[in-house]
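Visitor:
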Amino acid sequence: MFKQLRDLFRRTEPAEEKLELSFEDLPAWLDAREEGIGRELSDATGPSREAIHGTLENLREAVAGMETADGDKEIHPRLRDISRKALPGFTKSMAQILSREPSGDPETFYTTATETLKSALKAMKGQGKYLSSFYPDEMKEVRTAIRDLGREVNAMTEAITHARAGRQQVEEIRESYESLARTREEYTAASGQVREFGAALAEAEKKIREAEQDLAALKLHPDYVKKQEIEERIRELDGMDEETRREIAALRTPAVHLFRKAEKVAGKAGDSAAAAAIGRVLDAYTGSLAGDEEGPASLTEAVMPAILAMIGRGDLALKNQDEVRLFSDPDTLPAGIRRALHRQREVREQRTTLQKTLAALPGVIEEQRLTATLAQLQREREARAAARARAENQREISQASYAAESERLRSRTAALAGRDVEVDVPDLTPA
-14 MFKQLRDLFR RTEPAEEKLE LSFEDLPAWL DAREEGIGRE LSDATGPSRE AIHGTLENLR
46 EAVAGMETAD GDKEIHPRLR DISRKALPGF TKSMAQILSR EPSGDPETFY TTATETLKSA
106 LKAMKGQGKY LSSFYPDEMK EVRTAIRDLG REVNAMTEAI THARAGRQQV EEIRESYESL
166 ARTREEYTAA SGQVREFGAA LAEAEKKIRE AEQDLAALKL HPDYVKKQEI EERIRELDGM
226 DEETRREIAA LRTPAVHLFR KAEKVAGKAG DSAAAAAIGR VLDAYTGSLA GDEEGPASLT
286 EAVMPAILAM IGRGDLALKN QDEVRLFSDP DTLPAGIRRA LHRQREVREQ RTTLQKTLAA
346 LPGVIEEQRL TATLAQLQRE REARAAARAR AENQREISQA SYAAESERLR SRTAALAGRD
406 VEVDVPDLTP A
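This is the structure we're talking about:
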């Protein structure tokens, strides 16, 4: 029956409403909360601060009274002498320690009181330990006052710790708030870059399409057929030039081999003039040969009599059909090299002339310009695409960071408020 009556008349505590804050109102709320923490700390430590003032006054009186105290006359004379010698140092030290009166805000007051307590305890462990025997009543008063001081300092410690924790929470929320503000700016900047680089990329792609269309249109230009004809003729001349190079190689390779043997034979025979002449031919044949059809041929004609004489005497043997074909008479090799070099020069001169004609065609000039433009546009497209990708990545990083920091802000605000809190953090929107 009693339980039913108790339940019937029990007061129901009203549910605390959820605190709702806008993002813009949060700084002012934090300032107010920080001020509230200061007021709560002042109220919580007020009694202890007042008690500490009284305790310090009592401690000063107790220390001052020791200077005129008679002491315990029944104590051993040696202990009495030690105590009397220690007393001046102790009272002077304590007077200096107690000369600072705690004041200011609670934390400044607490710091001074704590330092006073530590110094007093240190003095008690120092010279104070020699005084208890001779001044038992006086030292009891000092110890009691120090104990009272310690109790009040400890009482303040809990309040100070609680206030510091609250201020740390306020600071962490401010850091979250500032981080969110920075992230919003970073997101806005990244979004702007995505748009700018995207527009630049679209413009580059448009210009690339236009350049590609202009290049395709060149195939309809009257110069295009002429260009193809010239390029086909250049390819034919390239083939002829390759055939001439093979012909020159077919003459040069066996000739160089035989000239080297002939130079050695002339040197051994002491015919320095023939050896020098053959050496000049070797230099010409092992060089490029291009562009000088008469020089190598004339040098060859000059040494053929001496080489044929060596062959006739048996000093120089012909080893294969190529050597027999080229060195059976004085005219075959010189005429062959002259003819091949002449053909090579004609082919290359024709090719050079056609290249100049091709390069002067308006369609070719325009094609080169468009090709260079297209390459530049493609490089720009790649650079802008890479820049846009970097901006998109930064935007994604900002979004993830914003979401995580928003949750930290809400959680920290609820912890500080001590109840459910709804902070209306605005969504990220591009500018």
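Numbering (this note's numbering), first residue to last: -14 to 416.
A virtual CB, placed ideally from N, CA and C, is assigned to each residue, including glycine.
All values derive from a computational prediction rather than experimental measurement.
Would you say T229 and Q329 are within 8 Å of each other, going by their C-beta atoms?
Guide: yes
Visitor: What residue does the alpha helix (DSSP H) around D226 start on, and which one ends it?
Guide: 207 to 254
Visitor: For the beta strand (DSSP E) containing E5, name the first residue and the last one.
Guide: It spans 4 to 7 - the beta strand (DSSP E) in which E5 sits, taken as one unbroken run.
Visitor: How many Å lie between M(-14) and T146 at the Cα?
Guide: In this predicted model, M(-14) has a pLDDT of only 34, less than 50, meaning its place in the structure is not dependable; the value taken from the coordinates is given anyway. CA-to-CA, the gap between M(-14) and T146 works out to about 47 Å.
Visitor: At the level of alpha carbons, what is the spacing between M51 and I82?
Guide: 16 Å
Visitor: Does the Cβ-Cβ distance between R152 and I37 come in under 8 Å?
Guide: Not closer than 8 Å, so no.
Visitor: Since F94 contacts R34 with CB under 8 Å, what's their CB separation in whole angstroms?
Guide: 6 Å
Visitor: Which one of L15, I215, M109, E197 has the shortest CA to CA distance from L346?
Guide: I215
Visitor: Could you tell me which whole beta strand (DSSP E) segments of length 3 or greater appear in the region 349 to 415?
Guide: Fully enclosed beta strand (DSSP E) runs of 3 or longer: 406 to 409.
Visitor: Any chance the region 117 to 133 sits against the region 2 to 22, with 3 or more Cβ pairs inside 8 Å?
Guide: Contact fails: fewer than three Cβ-Cβ distances are below 8 Å.
Visitor: Along the chain, where does the alpha helix (DSSP H) that runs through A13 open and close?
Guide: Bounds of the alpha helix (DSSP H) holding A13 are 11 to 51.
Visitor: Below 6 Å CB to CB, which residues in the same chain sit around A282 once its five sequence neighbours on both sides are set aside?
Guide: P319, I322, R323
Visitor: Have a look at V332 and G224 and give me their C-alpha separation to the nearest angstrom.
Guide: 10 Å
Visitor: Going by C-alpha to C-alpha distance, which of A29, E365, R298 sits closest to A144?
Guide: A29
Visitor: Using the C-alpha atoms, what's the distance from K204 back to A269?
Guide: 47 Å
Visitor: Is it right to say Q420 is buried, meaning 16 or more other beta carbons lie within 10 angstroms of its own, or is it exposed?
Guide: Given a span of -14 to 416 for the chain in the structure shown, any question on residue 420 remains unanswerable.
Visitor: In whole angstroms, what separates the C-alpha of E232 from that of A262?
Guide: 24 Å
Visitor: Which class does A148 belong to by DSSP, given the choice of helix, strand or coil?
Guide: helix
Visitor: Ordered along the chain, which non-local residues of its own chain (more than five positions away) have a Cβ less than 6 Å from that of Q112?
Guide: A71, G74, F75
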